[in-house]
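Reviewing the structure listed below.
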Amino acid sequence: MLDLKFTLFFPMKNTPKLLVSSLLIGLLSTINTTVSAQSAIAPLVAQSPSNSSADAVVKRLQGQWEVEDPASGEKLLWIFTSEGELFMVLPYGEDTRFALPFGYQIDPTPQPMHLDVTLPQQEEKVLTILEFTAAGELRVQLEGTDPGEPRPTAFNSEATVFSKIDDATTFPPDVELIDAVAQVKKAQESEGKINIGAMNRAQQAYKLENELFAANFPELGLGDKPETEIYHYQILPQGDRTQQVIMTATAQVSGLRSYTGAVFVIEKDGQTTTVTAICETDQPSSTPPAMPTTPSQGSAEIQCPSGSKLIR
């Protein structure tokens, strides 16, 4: 069964087999394909030093390689270029496909040969092995590989076997190139927005029950101060904690925007209630927006400070 696992958030339309893995940062690490009848695959071609140079291997790799899931008929296409680019082409709905760009390096000296795969602008690699078969196929060990994990030393029964279908390195006409780096950043920024939104709602509930806003994360029932590799979170109590509170998500990864959440107590239509806001920096920043403007009496309108915009 073809099991396609991703680190990125993509709109998948009607392709339920395309799953989002727990790896939110880095490489699209494992695209695992169980290929039946491995014993029927021709054995490895003996690779002498003369035909195992990196240039010779890259020349042989150059082009389009495909594997099909015998159960579903879904196909995975790899396109190797001579410039160290690898494009993974995956199904996208019924009539279109998309390509994710990667980099690759080959070391032909070890046996099996070493294949390193990287996502653009990411340092961490997936380390694996490959070989050519006597039938002209390409065997790659994908199952069991992840960023930061040791390189496998041998192929197992679930190694993926690709067949070469074309020497061309251009995309088929129905393929759309995805900006993988932009998608990674979008997914990372989603963490900050989602968590600040959750903290805003938790503060509203806490204020309703306690007449004060929470001063720290344990009071909100969120345990110790939450911290991830992507964002640093803070609660900043205001005054006597009865009228307003702000929370911040400070980007710890370059190229990401930061966020400030705020909850205000207002009087509207003779009723006391709370309103929330999330401000997002206009540009990538390691400094979250300042305090939003307090809504005027009888109004729920909140304005974000200069250099940021209201997103919720």
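If you're matching positions, the sequence shown starts at 3 in my numbering and goes up one per residue.
Think of the CB as a built atom: it goes at the ideal place given N, C-alpha and C, for glycine as much as any other residue.
Point to revise | Beta-bridge pairing of G65 - partner residues as DSSP gives them | key: F82
Check your understanding: Are three or more beta carbon pairs between the stretch 224–241 and the stretch 272–280 nearer than 8 Å?
Key -> no
Practice item. Identify every residue that forms a DSSP beta bridge with S310. Key: T283
**Study point:** V177 and V91 closer than 8 Å at C-beta
**Key:** yes
Check your understanding: How big is the Cα-Cα spacing for T172 and E85?
Key -> 13 Å
**Study point:** Cβ-based neighbour list, A251, same chain, cut-off 7 Å, excluding 5 preceding and 5 following
**Key:** G194, N197, I198, Y233, Y235, S260, Y261, P290
Practice item. Would you check if the stretch 126–133 and the stretch 153–160 touch, i.e. whether three or more CB-CB distances between them fall below 8 Å? Key: yes
Point to revise | Local Cβ density within 10 Å of V273, reported as buried at 16 or more and exposed below that | key: According to the sequence shown, residue 273 is Gln rather than Val. When all chains shown are included, Q273 counts as exposed.
Review point. Taking the alpha-carbon positions, what's the K166 to W67 distance?
Key: 4 Å
Check your understanding: According to the Cβ coordinates, are S310 and A253 closer than 8 Å?
Key -> no
Check your understanding: Buried or exposed: where does A136 fall if 16 or more other Cβ atoms within 10 Å of its Cβ makes it buried?
Key -> exposed
Exercise for review: Taking S192 as part of the alpha helix (DSSP H), name the residues at either end of that continuous run.
Suggested key: 182–212
**Study point:** Beta-carbon proximity list for P307, same chain, < 8 Å, skipping 5 on both sides
**Key:** C281, P291, A292, M293, P294, T295
Check your understanding: Under a three-way DSSP split, which group does D57 fall into?
Key -> helix
Review point. Hey, how far is the Cα of A200 from the Cα of T275?
Key: 18 Å
Check your understanding: So which of D284, A264, F266, Y106 has the shortest CA-CA distance to L258?
Key -> D284
Check your understanding: What is the C-beta distance between L121 and A56, in whole angstroms, given that I count them as a contact (C-beta under 8 Å)?
Key -> About 21 Å separates the two Cβ atoms, so there is no contact after all.
**Study point:** Nearest residue (CA-CA) to D242, options F219, L63, F266
**Key:** F266
Check your understanding: Got a sec? Which residues, its chain only, sit under 6 Å from V142 by beta carbon, not counting five neighbours each side?
Key -> L132, T162
Review point. Which whole-angstrom value describes the C-beta separation of F164 and W80, a residue pair presumed to lie in contact below a C-beta threshold of 8 Å?
Key: 6 Å
Practice item. In the DSSP assignment, find the unbroken beta strand (DSSP E) run with P239 in it and report its ends. Key: 233–239
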